[in-house]
Amino acid sequence: MEIEKLDLDLFRIFYIVYQAGSFSKAADLLGITQPSISYSIKKLETVLEIKLFERNGYGLVLTSEAEKLLPYIETAIMTISNGTKQICNILELKQGKVTIGIPAHIGVFMLTNILKKFNEKYPKIRIKVINKPTKDLVHLLNNNELDFIIDSSPFDVSMNHLEIFKISEEKCYFACHKNRTELLNKKIDVVDLNNFPIIVPSTTSGTMKEFSKVLKKNNLRFDFDFEITTSEMIAMMLENDMGVGLLFEKTINIYPSLRKIDLNINLPIFDVFLIYKQKHLTVTAKKMINFILENKL
Numbered sequence: 035m036e037i038e039k040l041d042l043d044l045f046r047i048f049y050i051v052y053q054a055g056s057f058s059k060a061a062d063l064l065g066i067t068q069p070s071i072s073y074s075i076k077k078l079e080t081v082l083e084i085k086l087f088e089r090n091g092y093g094l095v096l097t098s099e100a101e102k103l104l105p106y107i108e109t110a111i112m113t114i115s116n117g118t119k120q121i122c123n124i125l126e127l128k129q130g131k132v133t134i135g136i137p138a139h140i141g142v143f144m145l146t147n148i149l150k151k152f153n154e155k156y157p158k159i160r161i162k163v164i165n166k167p168t169k170d171l172v173h174l175l176n177n178n179e180l181d182f183i184i185d186s187s188p189f190d191v192s193m194n195h196l197e198i199f200k201i202s203e204e205k206c207y208f209a210c211h212k213n214r215t216e217l218l219n220k221k222i223d224v225v226d227l228n229n230f231p232i233i234v235p236s237t238t239s240g241t242m243k244e245f246s247k248v249l250k251k252n253n254l255r256f257d258f259d260f261e262i263t264t265s266e267m268i269a270m271m272l273e274n275d276m277g278v279g280l281l282f283e284k285t286i287n288i289y290p291s292l293r294k295i296d297l298n299i300n301l302p303i304f305d306v307f308l309i310y311k312q313k314h315l316t317v318t319a320k321k322m323i324n325f326i327l328e329n330k331l
């Protein structure tokens with residue numbers, strides 16, 4: 035038996051002939067000529083070295099050898115059909131999974147709305163969000179454990195081998211509770227913030243590294259009372275009126291009790307990027323990236 039010469043389409047034609055009960059009906063179903071059907075069956079019989087059909091008073095019937103083959107053909111055709119349906123579902127976003135990496139300090143404002151909109155349109159897509167520092171996220175992306183990363187500049191690791199696409203700009207502000215009227219509705223000298231407990235992100239974060247450059251440029255020195263890893267906790271502390279804190283503008287806007295402080299210096303503006311490996315992107319991940327770009331973060 036010349037297994038290497040097997041043509042999967044021959045098995046499909048065999049199965050259609052079996053279901054139709056005749057070569058002519060199978061030809062009509064497949065839109066090809068009856069001689070083509072006969073040729074395909076004969077070719078398959080030659081390769082398998084068995085006879086597939088014989089005739090009785092009612093028409094075509096399977097030989098005993100073909101009856102043993104039939105269940106395997108049915109299983110194969112069903113498997114291929116199910117696989118094709120799976121691909122169609124993925125292309126139509128009726129199923130699939132996306133794993134996104136994003137640092138916690140920007141995830142709080144960057145993803146919530148977009149995930150809500152995406153889920154409303156494509157409820158069958160499973161989404162996993164991983165919050166880690168940039169260096170760890172890039173490691174996961176390189177190991178194909180993430181579909182893409184959303185992160186803000188500056189980057190602490192070399193990513194020359196990755197695709198980096200700018201999607202927005204975000205500005206930092208100091209914020210306080212709305213009851214701190216002495217800090218609101220007027221321009222405040224940045225040095226006056228030292229009169230309040232100061233809450234900032236981790237000093238190793240990109241946000242604080244850029245803020246430190248602003249301080250150095252303006253010959254300023256701050257003593258930070260609280261160094262907090264997550265934006266959510268900084269915002270909660272401000273909601274409890276525990277001082278002034280450095281946050282992204284969109285994070286401040288999420289909390290009704292918080293207000294931006296208008297300072298006499300400009301605080302850093304950060305670019306936000308989508309980061310991914312072009313060759314690794316799945317169909318679902320590509321469509322989610324397009325959705326993000328179309329809907330604006």
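Residue numbers (the working numbering): 35 to 331.
From the three backbone atoms N, C-alpha and C, an ideal C-beta is built for every residue, glycine too.
Residue 180 has its alpha-carbon roughly 9 Å from the corresponding atom of residue 162.
Residue range 87 to 90 is occupied by the beta strand (DSSP E) that includes residue 90. For a cut-off of 8 Å, the C-beta gap from residue 84 to residue 47 is around 16 Å, too long to register as a contact.
Contact between residue 307 and residue 170 does not hold, since their C-beta atoms are separated by about 17 Å, which reaches or exceeds 8 Å. For residue 293, the number of other beta carbons within 10 angstroms of its own is at least 16, and it is reported as buried. In chain order, 304, 305 place their CB closer than 6 Å to the CB of residue 187, counting only its own chain and leaving out the 5 sequence neighbours on each side.
Take residue 141, set aside five residues on each side of it, and the residues of its chain with a beta-carbon closer than 7 Å to its own are 163, 165, in chain order. Minimum Cα-Cα distance from residue 249 among the listed residues 117, 297, 135, 160 corresponds to 297. About 18 Å separates the beta carbons of residue 145 and residue 206, which is beyond the 8 Å limit, so they are not a contact pair. Beyond the five residues adjoining it in sequence on each side, residue 125 comes within less than 7 Å, by CB distance, of 317 in the same chain, given in chain order. Using a Cβ-Cβ distance cut-off of 8 Å, the segment 227 to 241 and the segment 257 to 266 are in contact, since at least three pairs of beta carbons, one from each stretch, lie closer than that value.
Annotated as distal: residue 56 and residue 68, with beta-carbon spacing of 7 Å or more. Residue state for residue 211 is assigned as strand, using DSSP reduced to three classes. When 90, 284, 99, 138 are compared, the shortest CA-CA separation from residue 79 is found for 99.
When DSSP reads this structure, residue 203 sits in a beta bridge with 305. If only uninterrupted alpha helix (DSSP H) runs of at least 4 residues are considered, those enclosed by the segment 67 to 112 are 68 to 82.
In its chain, beyond the 5 residues on either side, 78, 107, 110, 111 have a beta carbon closer than 8 Å to the beta carbon of residue 45. In the displayed model, residue 186 falls within a strand according to three-state DSSP. Distance between residue 242 and residue 273, taken at the CA atoms: about 21 Å. Residue 279 sits in a strand when the DSSP states are folded into three classes.
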